[in-house]
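To keep things clear, I will list the structure first and then write my remarks on it.
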Ligand SMILES: [Fe+2]
Ligand SMILES: [Fe+2]
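Numbering (UniProt numbering), first residue to last: 1 to 317.
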């Protein structure tokens, strides 16, 4: 190790110890950079793929008001994807390369988006549970050690809280409706509850990245801590709504001061992550088609930039 390298490493460690932010031009260990790129790319892909399950309901929204809300929500997710791809670019990642990895299955996205949306109640339940789980995961990321990621997360979390509320408000409306509408909500809750709990990732005992990510302050809480926080937050909301969470083992534990809940089927998470969920092929195919159909836009932008640069050079000469 050269003296200069030693100094930069010390600077990095001090930044982490003092809870300050690592910025794009700072020296950082290769493994830190690789972990950040992997996490941010995966997060960006999740936002973009996450537009699909709800996007298919935009043309079938039950009223103009619902359509306007859903359009705004899906558009927010596109924006989240864009901030995050930009944050990954500050680490030297290439946007085209990340997209290529996504559509060839070499980079992952959240397994939750591989489930189908069968009724309009799914739009409400996704807002309530999926965006709700995303908030639990993402609020601590506003203090993540990598500056551009932490700052992007502040705006993203504000928009996620709108997503959660619009979902809950939609469900409240359905629950005040007909018996058929109430059954539709319960059915959606039954299908999304367990996949939502899986959004926090494998249990701490099996999580490969947690220890290092905690030491680098990329992550502030373990998967199981965040999952518990989500369950504790959601149970009273389910009560207020009048739906039953599909877990017979779910109950308040006064000794732990938390809710106990049933065992999660981790084999399902593994299966869906490795590509065998109900909608994996469909989601990636839709993303690939959108990328291919957008080729002319990228070509036109490159041609325009080249023409503009040539004209500028001509003017300066
Ligand atoms: Fe989002
Ligand atoms: Fe969202």
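Glycine residues also receive a C-beta, built at the ideal position from the N, C-alpha and C atoms. Predicted model, so just to flag it, every value in this text is computed and none were measured.
Look at the Cβ atom of residue i, then the Cβ atom of residue j, and state whether they are nearer than 7 Å.
{"i": "residue 184", "j": "residue 241", "result": "no"}
{"i": "residue 116", "j": "residue 248", "result": "no"}
{"i": "residue 109", "j": "residue 36", "result": "no"}
{"i": "residue 142", "j": "residue 229", "result": "no"}
{"i": "residue 40", "j": "residue 84", "result": "yes"}
{"i": "residue 93", "j": "residue 149", "result": "no"}
{"i": "residue 96", "j": "residue 77", "result": "no"}
{"i": "residue 215", "j": "residue 121", "result": "no"}
{"i": "residue 269", "j": "residue 198", "result": "yes"}
{"i": "residue 273", "j": "residue 111", "result": "yes"}
{"i": "residue 91", "j": "residue 38", "result": "no"}
{"i": "residue 139", "j": "residue 57", "result": "no"}
{"i": "residue 231", "j": "residue 261", "result": "yes"}
{"i": "residue 164", "j": "residue 132", "result": "yes"}
My understanding is that residue i touches residue j, with C-beta atoms under 8 Å, so please give their C-beta distance in whole angstroms.
{"i": "residue 129", "j": "residue 196", "result": "4 Å"}
{"i": "residue 388", "j": "residue 53", "result": "The structure shown does not extend to residue 388, since the chain spans only 1 to 317, so no value can be given for it."}
{"i": "residue 235", "j": "residue 226", "result": "15 Å between Cβ atoms; not a contact."}
{"i": "residue 224", "j": "residue 204", "result": "5 Å"}
{"i": "residue 210", "j": "residue 219", "result": "7 Å"}
{"i": "residue 6", "j": "residue 26", "result": "The Cβ separation is near 15 Å, so there is no contact."}
{"i": "residue 280", "j": "residue 114", "result": "5 Å"}
{"i": "residue 74", "j": "residue 55", "result": "5 Å"}
{"i": "residue 119", "j": "residue 291", "result": "Actually they are not in contact, since the Cβ atoms of residue 119 and residue 291 sit about 29 Å apart, beyond 8 Å."}
{"i": "residue 258", "j": "residue 251", "result": "Actually they do not touch by this definition, with Cβ atoms about 10 Å apart."}
{"i": "residue 212", "j": "residue 107", "result": "Incorrect: roughly 19 Å between the Cβ atoms, too far for contact."}
Check for me: the beta strand (DSSP E) holding residue i runs from which residue to which?
{"i": "residue 252", "result": "251 to 253"}
{"i": "residue 258", "result": "258 to 260"}
Between residue i and ligand 1, is the CB less than 6 Å from at least one heavy atom?
{"i": "residue 54", "result": "no"}
The alpha helix (DSSP H) spanning residue i covers which residue range?
{"i": "residue 80", "result": "64 to 89"}
{"i": "residue 32", "result": "30 to 49"}
{"i": "residue 13", "result": "3 to 17"}
{"i": "residue 231", "result": "223 to 241"}
{"i": "residue 266", "result": "266 to 271"}
{"i": "residue 180", "result": "179 to 198"}
{"i": "residue 210", "result": "210 to 215"}
{"i": "residue 123", "result": "120 to 125"}
{"i": "residue 173", "result": "147 to 175"}
{"i": "residue 114", "result": "Premise fails: residue 114 is in no alpha helix (DSSP H) and is neither H nor E."}
{"i": "residue 129", "result": "Careful: residue 129 lies outside any alpha helix (DSSP H) and carries neither H nor E."}
{"i": "residue 292", "result": "280 to 293"}
{"i": "residue 103", "result": "95 to 103"}
For residue i, is the beta carbon positioned less than 6 Å from some heavy atom of ligand 2?
{"i": "residue 163", "result": "yes"}
{"i": "residue 183", "result": "no"}
{"i": "residue 131", "result": "yes"}
{"i": "residue 169", "result": "no"}
{"i": "residue 160", "result": "yes"}
I'd like to know whether the C-beta of residue i is nearer than 7 Å to at least one C-beta of chain B.
{"i": "residue 33", "result": "In the structure shown, chain B does not exist; there is a single protein chain."}
State yes or no: is the C-beta of residue i nearer than 6 Å to some heavy atom of ligand 4?
{"i": "residue 226", "result": "Looking at this structure, you won't find ligand 4 anywhere; what it does contain is ligand 1 and ligand 2."}
Closer than 5 Å: residues whose CB approaches a heavy atom of ligand 1:
47, 77 and 80
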